Structure formats: C-alpha cells, structure tokens
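Peer 1:
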Amino acid sequence: MNPQANLIFIISLLLGTTITISSNHWIMAWTGLEINTLAILPLISKSHHPRAIEAATKYFLTQSAASALVLFSSMTNAWHTGQWDITQLTHPTSSLILTSAIAMKLGLVPFHFWFPEVLQGSPLTTGLLLSTIMKLPPIALLYMTSHSLNPTLLTTLAILSTALGGWMGLNQTQIRKVLAFSSISHLGWMAIIIVYNPKLTLLNFYLYAMMTATIFLTLNTIKVLKLSTLMTAWTKIPSLNAMLLLTLLSLAGLPPLTGFLPKWLIIQELTKQDMAPAATLISLLSLLSLFFYLRLAYCTTITLPPHTTNHMKQWRTNKSTSIMIAILTTMSVMLLPISPIILTIV
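Take the sequence shown: its letter number 131 is residue 131 in UniProt numbering, and every next letter is one higher.
1) Would you list the residues sitting across from H48 in a DSSP beta bridge?
2) Please classify L288: is it buried, with 16 or more other beta-carbons within 10 angstroms of its beta-carbon, or exposed?
3) So L233 is in the alpha helix (DSSP H); what residue range does that whole segment cover?
4) Taking the alpha carbon of V346 as the reference point, which residue from I215, N197, Y293 has its own alpha carbon closest?
5) Less than 8 Å between C-beta atoms, sequence neighbours within five positions excluded: which residues of the same chain meet that for F205?
6) Whose C-alpha, out of W84, H80, R176, L336, is nearest the C-alpha of Q120?
7) Quickly, what does DSSP pair K226 with across the bridge? List them, please.
8) What are the partner residues of D85, as DSSP defines its beta bridges?
9) Taking Y298 as part of the alpha helix (DSSP H), name the residues at either end of that continuous run.
10) What is the residue span of the alpha helix (DSSP H) that I102 lies within?
11) Per DSSP, what kind of secondary structure is V118 in: helix, strand or coil?
12) Can you tell me whether DSSP reads L335 as helix, strand or coil?
13) Nearest CA to the CA of K105: which residue from S131, S94, I327?
14) Quick one: residues in its chain with C-beta nearer than 8 Å to the C-beta of L69, no 5 flanking neighbours on either side, listed in chain order?
Okay, structure coming up:
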C-alpha cells in the first residue's frame, strides 16, 4: 500500500479513537467509532486476497450493526430522559442495548464469531491494531457508563467469554486465531470487573495491549503465521524466541510475570464484592487458555532441526522495531515487582 495512504489511515484511526475517548455527547462518540471502522477497512483488505476481502466485509457488517445499536441506545435514552450526555445513561433498556452493542464491537461471547475470522484474514500489523487500539474506544464507553450497567449480564458475558475463548483456542493451528481467542478470554476478565472497579479494567486492558503488541511484533519480525513454522523459527533470532516464550507465559498470567498482576487484582476485588464463586469459576476457566499458551510456548522453544524450505531467511532486522520489541518485552515480563507504583499511577 502507498505509504501516504497508509499514514492517512493510521492518523484517521488515532483521530477516531481520540474523538470517542474525549467526547461527552453520544453523537460525537458514535462519529469516532465510525471513523475508526472506515479507517481500518482498507488496512484489513490491503492484500487483495479473497480471505482479506471476506474479513473486511465481515468486519464492516458487524461494526455497522454495533454502531446502529449504539445510536439506537443513545436515542432511546434521550427520548426517556432528555439527556445526550454519555455519563447520564440511566434508562435500563438503553443500558441493555448499549451492553449488547459494545459486546459486538469488542467480540464478547455471544457476539464473538466475527473476530477470529477477521483476525485470520488480516496481516499481522493490522491484527495488532484490531486487538489493541480498536478495542480502546468501546472499553472507554463502557468505562464512562459503568455505573449504570447491569452487573448480572456483564458477569454472564464475561464467564462465557473466558470459557469459550479458552475452549475454542485449544485445537487451533493458526497463531492469529489462537491470539483472537486469547483476546476474547481476556475481554471476559475486563468485563467482569467493569461495574465494580472500572480502573482495574483499564489497567488490565493496558497490560493486555502491551503483551499482545509484543507478541504480534515478534511474530511479524520472525515472519511466522502458524504453529508448524513457529517450530523451526528458533534459528532466525534465538534470543527473541526465548523472550517470546516468557511473553506468552506472561499473557497466560503466570505469577512472577506482568500478566499475573491484573488477574490477581481482579480476583481480589471480586472476593471483596462477595463474588468468590465467580472469581473461582473465571480462574478455573483461564486454565483452558493457559493450555494453548503453553502449547505455543512449547512450539516456540522446541529445537527441531530447521527445514530451510519452510521459511525465509532473515538477513537483517529492522532497527526501530527491534528497539520497540526490546522495550515492550522487558515491560511484558518484569512489571510485577513495581506493581505498587503502577497502582498509584492508575
């Protein structure tokens, strides 16, 4: 794709995200979401492969439906209360419709079917945008309306998302699909706590975005898309593969690593809210996703003899991306000891 066009689409993405996050009026928030959707479509379909075109079409249809529901929800609320302010979403029907719309935007169960397909049809860099920056505006809307959302509905969606995200990722061989189900599972953790402690949801999202960015950028550097090629990729940049192993374990939420922090805090908060059964259930369900992270980690570090026909040789790496990956990987693995400082900032 033309670099100028690429730049315009990336700037539009940032603009749409900023408009939605900083708006008080529902129409402005909806405008930001629309700008975002339109900016990401060319980035999904830029390879002109039939799968990419299919992914872009699926993405467009689901996001259009979700945007229409956001508009419908805000109009219903304005009809009943005379308020267009995002924080004044008080009508129960409106908050119910909004929860469904945001679940569709994010890819929460039962509106998750589009997400793995779209991620599978997109290039890795676009997949990174879809998994991180495109999730920020809907989560910001949930954050702003968290006081009037239905806790039972969100807890149900969250537990189903964690269950299905773990279950459906078990037998995948395509890494992008595994990461899509991993995203659905993490969204479950974010959704369960949004009503009780919205700041924890944001902290979870920031750390998830950081670890996912590390994994996508690493895979993009070693040019790997499926498990069979991941097994032979250790010959390219062995040190990067070792760090990929640690980042995957961090994303799984294993203790000495960064990914343990949000899970620990969420379980603690749920217990404080007398929701120990929900905390136990969501913790047990996250063991499902731990299985496929361990499988990815195993495939990353397994030392099979390299088959040269399987992958392109990497003669030199991109300097700027290498520095970014180095910083992100360090943060993805080593932030747990400084968690008190993180909590004071958040």
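We treat Cβ as the ideally placed atom computed from N, Cα and C, and that holds for glycine.
Fair warning: this is a prediction, and the values are worked out from it, not measured in the lab.
Peer 2: So, to answer that:
1) H48 is not bridged to any residue.
2) buried
3) Residue 233 is actually Ala in this sequence, not Leu. Per DSSP, A233 belongs to no alpha helix (DSSP H) and is neither H nor E.
4) N197
5) K135, L136, I139, M190
6) R176
7) Q174
8) H25
9) 276-301
10) 92-106
11) helix
12) coil
13) S131
14) I97, L98, S100, A101, M104
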